[in-house]
C-alpha cells in the first residue's frame, strides 16, 4: 500500500516538476513582458505543488529522502511524468496547447483529489485547485485567441494540437498502482476525469474553431520511466548545479 | 531599558504585527491572514503556524525566517514556525485593515471569494487604486507575484496590480 502510494504521489509530483522546468525555460524569452511573467508565475505554482508532493512522497517512502533528493538525485528512468510535459516548448502556441491539455486534466483531478481518503493528498489538492482554476482559464483564453485569431495563429495552434494529441492518452492510463489507489479511495476514478477533460477540450476547441485530432496511436511509457529523447537534456540542465556541488545549499 | 515583557500569546501577536509580507511590505502577516495559530509553551517556546498563500510563493520561506528573527530578537527563547496546508488560504482572510492598506499602497484589494465568479472567468469590476475609476481592464491574469494580476486604468492610464481573489 505505502509502495503504491509513494509511486502514485511521485507521478503527480513529476508531471508538475517537469512541466514547471519546461515553462521556466521561457523566463526572459516571453513574447511580451506580461506573458513572460505569466509563464514564470505558472511555473512557480507548479513547482510549489511539486514540492508539496515530493516532500510527501519522501515521507511515505520512509527512507529519509527529501524533496530535493527526489527532485535532483534520481536518474532518468526513475522519473514517472507523462511524456506530454517533457515535450519542447516550440512556439508560443505549442507551449500553450501543451499547458491547456494538461490544465484541463489537472483541474478536475485536483478537484476530485480533495475528496481523497489520504488526508495529505487531499490538503495539497485543496490548495492546488484554486491555482489550477486560474491556469485553465488562462490557457483556454489563449487557445481561443490563437484558434479564432489570424490565419497564422490558427494554423500554428492546430499544428501544436496535432503534434501533442498523441501524448494525451497517457494521462488517463490505468495500471496496478492506480487501480490499488482507486480501490483504496485515495485516487479518483480516472475515467470520470477523462470525461471532464474531454468535455472541456471539445468546448474550448469549438470556440477556438480548432479541430480535435482523431484518437490514433497514443504514446506511452512515461509512468514506467521510459521517456522521449528530450528528458535527458531537461535533467542535465535541472540537475547540473546539485550534481556539480553535492550537498550545496543556497 | 524596561524589564523584558512576559512571553504570552498576546505578546507574540503584538510582535507579529511588525513582520511584514516581504513582497507587499505595506501589510503584516496578521493582516495577510497567513498566521493560523500561536501557542506558547511553558518554557516560553513559541509555535507559530502559518499557511502559504500560493503553493509556490517564495515569500513563505522569508516570512517564516522573519517571524523567527523578530521573536528571537524580542527575547522569545525558542521559536518554531510550522506550515499548514489545510484549510487552504483564501483572500477572505486578509483583514479589512489589510485591504485598506493594500489599496493605499497602490494594489487593488481582492473581492470576496463568495463572489466566486472571478475564478470562473467572469471579469470582476476592479476600481483603480490610484484614481478610483471603474473603467479598468485586465492586462494579464498573472502579475508581478503569484498572488497578483495586472490591470490598467483606462481613465488615468496607470497600470496597477490587483490582489487576485483566491
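Protein chains in written order, with the working numbering: chain G, 372 to 621; chain H, 2 to 167. Cβ atoms here follow ideal geometry from the backbone N, Cα and C, with glycine treated the same way.
Separation of residue j from residue i, as counted between CA atoms
{"i": "residue 492 of chain G", "j": "residue 155 of chain H", "result": "43 Å"}
{"i": "residue 392 of chain G", "j": "residue 142 of chain H", "result": "21 Å"}
{"i": "residue 104 of chain H", "j": "residue 436 of chain G", "result": "44 Å"}
{"i": "residue 488 of chain G", "j": "residue 88 of chain H", "result": "16 Å"}
{"i": "residue 424 of chain G", "j": "residue 431 of chain G", "result": "10 Å"}
{"i": "residue 42 of chain H", "j": "residue 415 of chain G", "result": "36 Å"}
{"i": "residue 610 of chain G", "j": "residue 486 of chain G", "result": "34 Å"}
{"i": "residue 590 of chain G", "j": "residue 537 of chain G", "result": "6 Å"}
{"i": "residue 619 of chain G", "j": "residue 411 of chain G", "result": "24 Å"}
{"i": "residue 364 of chain G", "j": "residue 377 of chain G", "result": "Because chain G in this structure spans residues 372 to 621, residue 364 of chain G falls outside the shown range and cannot be described."}
{"i": "residue 375 of chain G", "j": "residue 455 of chain G", "result": "22 Å"}
{"i": "residue 402 of chain G", "j": "residue 463 of chain G", "result": "8 Å"}
{"i": "residue 404 of chain G", "j": "residue 490 of chain G", "result": "39 Å"}
{"i": "residue 54 of chain H", "j": "residue 101 of chain H", "result": "19 Å"}
{"i": "residue 67 of chain H", "j": "residue 79 of chain H", "result": "14 Å"}
{"i": "residue 151 of chain H", "j": "residue 593 of chain G", "result": "37 Å"}
{"i": "residue 531 of chain G", "j": "residue 539 of chain G", "result": "13 Å"}
{"i": "residue 586 of chain G", "j": "residue 533 of chain G", "result": "10 Å"}
{"i": "residue 98 of chain H", "j": "residue 32 of chain H", "result": "7 Å"}
{"i": "residue 21 of chain H", "j": "residue 61 of chain H", "result": "11 Å"}
Helix, strand or coil at residue i according to DSSP, with G and I counted as helix
{"i": "residue 444 of chain G", "result": "coil"}
{"i": "residue 38 of chain H", "result": "strand"}
{"i": "residue 174 of chain H", "result": "Any answer about residue 174 of chain H is impossible in this case: the structure gives chain H only from 2 up to 167."}
{"i": "residue 595 of chain G", "result": "helix"}
{"i": "residue 29 of chain H", "result": "strand"}
{"i": "residue 2 of chain H", "result": "Its pLDDT being 49, under 50, residue 2 of chain H is placed unreliably in this model, and the coordinates cannot settle the point."}
{"i": "residue 15 of chain H", "result": "helix"}
{"i": "residue 91 of chain H", "result": "coil"}
{"i": "residue 54 of chain H", "result": "coil"}
{"i": "residue 131 of chain H", "result": "coil"}
{"i": "residue 417 of chain G", "result": "helix"}
{"i": "residue 513 of chain G", "result": "helix"}
Residues sharing a beta bridge with residue i, DSSP
{"i": "residue 154 of chain H", "result": "H:137"}
{"i": "residue 160 of chain H", "result": "H:153"}
{"i": "residue 409 of chain G", "result": "For residue 409 of chain G, which the question treats as bridged, DSSP gives no partner whatsoever."}
{"i": "residue 21 of chain H", "result": "H:29"}
{"i": "residue 108 of chain H", "result": "H:162"}
Continuous alpha helix (DSSP H) stretch holding residue i: start and end
{"i": "residue 605 of chain G", "result": "602-615"}
{"i": "residue 378 of chain G", "result": "373-395"}
{"i": "residue 450 of chain G", "result": "Segment: none, residue 450 of chain G is in no alpha helix (DSSP H) and carries neither H nor E."}
N-terminal and C-terminal residue of the beta strand (DSSP E) that residue i is part of
{"i": "residue 456 of chain G", "result": "First-last for residue 456 of chain G: undefined, no H or E at that position."}
{"i": "residue 49 of chain H", "result": "47-51"}
Proximity test, Cβ basis, 9 Å: residue i and chain C
{"i": "residue 494 of chain G", "result": "Note that chain C does not occur in the displayed structure, where the protein chains are G and H."}
- Just list the beta strand (DSSP E) runs in the stretch 57-85 of chain H, keeping only unbroken ones of 3 residues or longer that don't cross its boundaries, in chain order. 80-84
- Any chance you could list the alpha helix (DSSP H) runs of at least 4 consecutive residues sitting entirely within the stretch 529-565 of chain G, in chain order? 547-554
- Could I get the ranges of all uninterrupted alpha helix (DSSP H) runs contained in the stretch 454-508 of chain G, with 4 residues as the minimum, in chain order? 463-484
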